[in-house]
Every structure is written in structure tokens, then in C-alpha cells.
Amino acid sequence: MLAFLSRFSILACFIFFCGNIIGQTLPVMTYNIRYATERDGENSWEKRKEAMVQLLEDYHPMIIGTQEGLHHQLEYLTKELGPYKYIGVARDDGKQKGEFSAILYDTTRLEVSRENTFWLMEPGDKDSIGWDAAYKRICTYGLFRDKLSGSSFWVFNAHFDHVGLEARKQSAQQIKNVLSERCDSESRVIIMGDFNSEPGSEPVQIIERWYADGLKLAREKQKEPLGTFTGWDKDAKLDRRIDYIFVHNFGVEKYLHLSERRGDGYFISDHLPVMAWLRLTQ
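Per our numbering, numbering of the sequence shown is gapless, rising by one per residue and ending at 285.
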């Protein structure tokens, strides 16, 4: 009888432990932080960087997919946030010149085993402007392991061109092709970024053929604001949604567009951060 109870207790503890692991959420964020330029005047980096750190500390995402960040901005954020590191290179020279699509991650919970950055452009080209785009565009990705659950997952973070429709469509397809080379149907995948594409547009449709819009999956759904682009307008309607988190083999507990402002009433960036609380699925 005692042996039976002992085995039963062990089994119960195991089930409880597994249930807790599966039930743990993984908070992730995509955030176009706006590159630092003095031309922004009241919205310059120096006037908003502390508010950005405060927002990130308040929400404490384990993953932050950033767009437009320059090297010194990323260095500032990781220094101020403490246990965070980032992966990625700049789009102009593959090192530190120009904008990044860097992925920040909390090292207390996550570790990265693989990372890379590729340019969104025609096959065979090297480090060039793709299709009808106005600028070079990149996608940074990494394979992460959650120390809490032991589970691994991929994160792809991109910033699509704001001018070229063909470039946006081809960029979506290129990311899908790279994913197909590295992942299978059992892989956990997060695709995030500023896609400069509204719901129902061709680039979004291409991604949604294989990956789910986190907002549509969420148990607690976004009500307002529906959009993510502020354009620095204090009175913006916030009805233009161009920033997304797509997932595969994750549940989504909650999905929000965070509309916090600085003390002077201005937005912290010209985009809202998008945050999802993901759940590991069995």
C-alpha cells in the first residue's frame, strides 16, 4: 500500500510539474523603436529612450523583436535592461552600420543556439536592395531554448519595405522558404515584425497560409487600439495595423497593442509595441 501511494505521489507530482510547464506563458513583443535622428525634434531618441526602457521593464517580454534600431540604441537598451542580450547585424554592412532587425532576449530564461541574418532580395544577389524596395531590408532569426520548459523555438524578425509592394510579397515568400529549409511541421515558430502591410494584403496572406495571426488565436483579444502605426500624431486614430506576431505550435493567451505614452503626451515611438503571451502546446 505504501509503495502504491509512493508511486501515485510521484506520478501526481510529475503530472503537476508537466501541467505547470505547459501552462507557462512566454511573453514576446515586436517593436519598431524608430531609428535615432535629431530630425524628429520633440520625438528624438534622447527624449523618449527612458520611457521606452520603463515600458519594457513594466511588461518584461522574454523576446523583443526590434525594427529600425541603430547600434547605439540597441546597446543602450540592453545595458539599461540588465539581463538582455541581442542577436543580429545591421543592414548596410552586415556589422554595425545602419538599421538592425535585432532580437533582444532575456538571458535568465532563454538561451540561443543558432542565429543568422539574411537580406530580403532576389536569389543570387548579395547585400542589395530587393525588387522594387526603397532600401535594403533584412530578417534576423534565432533558435532559442526556454530554460524553464526545455522547449526550443524559432524566432524570425523582419522589417518589410514601406514602398515596394512586390518587395513585400517576395519578402514574405522568402521568409517562408528559409523556414521550410530549417523547420518541420513540429517546430515551434514565431514570426514578428513591421510588415508595412495591412490585414488581408498579399504579404500577410502569404504568411497566413502557413502561420497563424496571433491576434486571431488569442483567448483575450485586442479591442482598442486596432492599429499599430502612430506616425507621431498625438491624435492618431490608430486604425492602421502593420505590425504583427504570427505563430505556429503555440497557443496565445493574450495579444495587445500597447498604447502607453510619455509624460509629455507623445508616443514612445511612431509604432506601438505589439505583445503576445504565448503558451506552449503539447
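The beta-carbon is built from N, C-alpha and C at its ideal position, and this holds for glycine as well.
Just so we're clear, the structure is a prediction, and the values are computed from it rather than from any experiment.
Practice problem: Could you work out which residue in Tyr34, Glu45, Val31 is closest to Asp236 when comparing CA atoms only? | Solution: Counted from its first residue, the sequence shown places residue 236 at position 233. Among Tyr34, Glu45, Val31, the Cα nearest to that of Asp236 is on Glu45.
Exercise. Quick one: give me the first and last residue of the beta strand (DSSP E) that Val255 is part of.
Key: Counting from 1 along the sequence shown, the entry for residue 255 is found at position 252. Val255: member of the beta strand (DSSP E) spanning 253-260, first to last residue.
Quiz item: Using a C-beta cutoff of 9 angstroms, does Gln225 count as contacting chain C?
Solution: The structure shown contains no chain C; it holds only a single protein chain.
Quiz item: According to DSSP, is Val31 helix, strand or coil?
Solution: Mapped onto the sequence shown, residue 31 falls at position 28. Val31: strand per DSSP, three-state reduction.
Practice problem: Would you grab the beta carbon distance between Phe147 and Glu114 for me? Rounded to a whole angstrom, and I think it's under 8 angstroms. | Solution: Residue 147 sits at position 144 when you count from the first residue of the sequence shown. Residue 114 sits at position 111 when you count from the first residue of the sequence shown. In this structure Phe147 touches Glu114 by the C-beta definition: roughly 7 angstroms separates them, less than 8 angstroms.
Quiz item: Measuring CA to CA, which of Arg185, Ser116, Pro86 is closest to Met65?
Solution: Looking up residue 65 in the sequence shown gives position 62. The residue with the shortest Cα to Cα distance from Met65 is Pro86.
Quiz item: Can you list, in chain order, the residues of its chain whose CB lies under 8 angstroms from that of Ala137, leaving out five sequence neighbours each side?
Solution: Translated into the one-based positions of the sequence shown, residue 137 becomes position 134. Result list for Ala137: Asp164, His165, Val166, Gly167, in chain order.
Exercise. Could you name the residues of the same chain whose beta carbon sits closer than 6 angstroms to that of Arg94, not counting the 5 residues immediately before and after it, in chain order?
Key: By one-based count along the sequence shown, residue 94 stands at place 91. Excluding sequence neighbours, Arg94 sits near Gly101, Glu102, Lys139, Ile141.
Quiz item: Looking at Val92 and Thr40, is the spacing between their C-beta atoms short of 9 angstroms?
Solution: Within the sequence shown, numbered from 1, the residue matching residue 40 stands at position 37. Within the sequence shown, numbered from 1, the residue matching residue 92 stands at position 89. No, the pair does not count as a contact, with Cβ atoms beyond the cut-off.
Exercise. Output the distance between the C-alpha atoms of Phe121 and Arg185, rounded to the nearest integer angstrom.
Key: In the sequence shown, residue 121 corresponds to position 118, counting from 1. In the sequence shown, residue 185 corresponds to position 182, counting from 1. Distance between the alpha carbons of Phe121 and Arg185: 14 angstroms.
Self-check item: Assigned secondary structure, Tyr214 (DSSP; H/G/I helix, E/B strand, else coil)
Solution: Against the sequence shown, residue 214 aligns to sequence position 211. Three-state DSSP puts Tyr214 in coil, outside helix and strand.
Exercise. Put Gln70 into one of helix, strand or coil per three-state DSSP.
Key: Taking the first residue of the sequence shown as position 1, residue 70 is located at position 67. DSSP places Gln70 in the strand class (E or B) of the three-state scheme.
Quiz item: Using the rule of at least 16 other Cβ atoms within 10 Å of the residue's Cβ for burial, across every protein chain shown, is Ser174 buried or exposed?
Solution: Mapped onto the sequence shown, residue 174 falls at position 171. A residue is called buried when at least 16 other Cβ atoms come within 10 angstroms of its Cβ; Ser174 meets this threshold and is buried.
Quiz item: Is the beta carbon of Glu189 sitting closer than 9 angstroms to the one on Asn252?
Solution: Taking the sequence shown and counting its residues from 1, the one referred to as residue 189 is at position 186. Taking the sequence shown and counting its residues from 1, the one referred to as residue 252 is at position 249. Contact flag set, yes.
Self-check item: Asp267, buried or exposed, once every other Cβ within 10 Å from all chains shown has been counted against 16
Solution: The residue you call residue 267 lines up with position 264 of the sequence shown. When all chains shown are included, Asp267 counts as exposed.
Practice problem: Mark Lys98 as exposed unless 16 or more other C-beta atoms lie within 10 angstroms of its C-beta, in which case mark it buried. | Solution: The count along the sequence shown starts at 1 and reaches residue 98 at position 95. Lys98 counts as exposed, since fewer than 16 other beta carbons sit within 10 angstroms of its beta carbon.
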